[in-house]
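Undergrad: Residue numbers (the numbering used here): 887 to 1066.
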Amino acid sequence: PYFYDEERFIILDLGVHTLDVARVFMGEVEHVYCETQRRNPKVKAEDTATVMLRHVSGAVSVVDFSYESRKLPDNFPETLAEIESATGAIVVEPGLKMNVTKNGAMRTVDIGAPLLPWTSKPWHVAQESVLITCRHLLDRFRAGKPADTSAADNLKTYSICEAAYESAATGKAVVPRTWP
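(1) Suppose you measure from the CA of Tyr953 to the CA of Val907; what does that come to, to the nearest Å?
(2) What residues in its chain sit with their C-beta under 6 Å from that of Ala975, if we drop five residues either side in the sequence?
(3) Could you check how far apart the C-beta atoms of Val833 and Met938 are, in whole angstroms? I think they sit under 8 Å.
(4) Per the DSSP calculation, His917 is bridged to which residue(s)?
(5) According to the neighbour-count rule (16 or more other Cβ atoms, all chains shown, within 10 Å of its Cβ), is Ile897 buried or exposed?
(6) Secondary structure at Lys1031, three-state DSSP: helix, strand or coil?
(7) Suppose contacts are defined by Cβ-Cβ distances below 8 Å. Is Thr963 in contact with Ala1012 by that definition?
(8) Are the beta-carbon atoms belonging to Lys983 and Thr973 less than 8 Å from one another?
(9) Between Asp891, Pro1032, Ile997 and Pro1008, which has its C-alpha nearest Pro856's C-alpha?
(10) I need the boundaries of the alpha helix (DSSP H) containing Asp1039, first residue and last residue.
(11) Would you be able to state if there are at least three C-beta pairs under 8 Å between the region 1050 to 1066 and the region 902 to 917?
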């Protein structure tokens, strides 16, 4: 496959999206600590990474991703998440179910997307997200308005990825670069 000879792999391929989700929910990042592994000997770069983020808000998040998980069932390509706050929690579980706990009461929400004629399971959620994003960008362009996600915002997430690579190389926490 395309990634076998790449110098960098999972952090830029998959991690960029999950690190962006951490930013959305927990806020901007103060510093990053990262450990990586290359578990598949055919791959040149990292295929597993664990990233710990200290957010400006004081929150700490751990983002873990791997293309070499051995557990069964393998939930790939689903993204699982657990977010806790002082008053509740959100847990995204396999099967596109989300448990929302607030003030001691829990409700379960189905967060699956419909299967469109051109999508296929288990990729349909990611496939539809591309459609929704492109539709949003085109609609905003036609309206002469900026998109909800700007290039400047994307650079903030990219700088977290760069900081993760630097941290993995140095073994130290790294402050993400700020862009002018």
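We put the CB at the ideal spot given by N, CA and C, even for glycine.
TA: With the structure as the only source:
(1) The C-alpha of Val907 is placed about 19 Å away from the C-alpha of Tyr953.
(2) Thr987
(3) Here the chain has residues from 887 to 1066 only, and residue 833 is not among them.
(4) Arg940
(5) Here Ile897 is buried. Its C-beta has 16 or more other C-beta atoms within 10 Å.
(6) It is coil, neither helix nor strand.
(7) One point to set straight first is that residue 963 is Pro, not Thr, in the sequence displayed. Ala1012 is positioned such that its CB atom lies closer than 8 Å to that of Pro963.
(8) no
(9) The chain is shown only over 887 to 1066; residue 856 falls outside these bounds and no answer can be derived.
(10) Ala1037 to Thr1056
(11) yes
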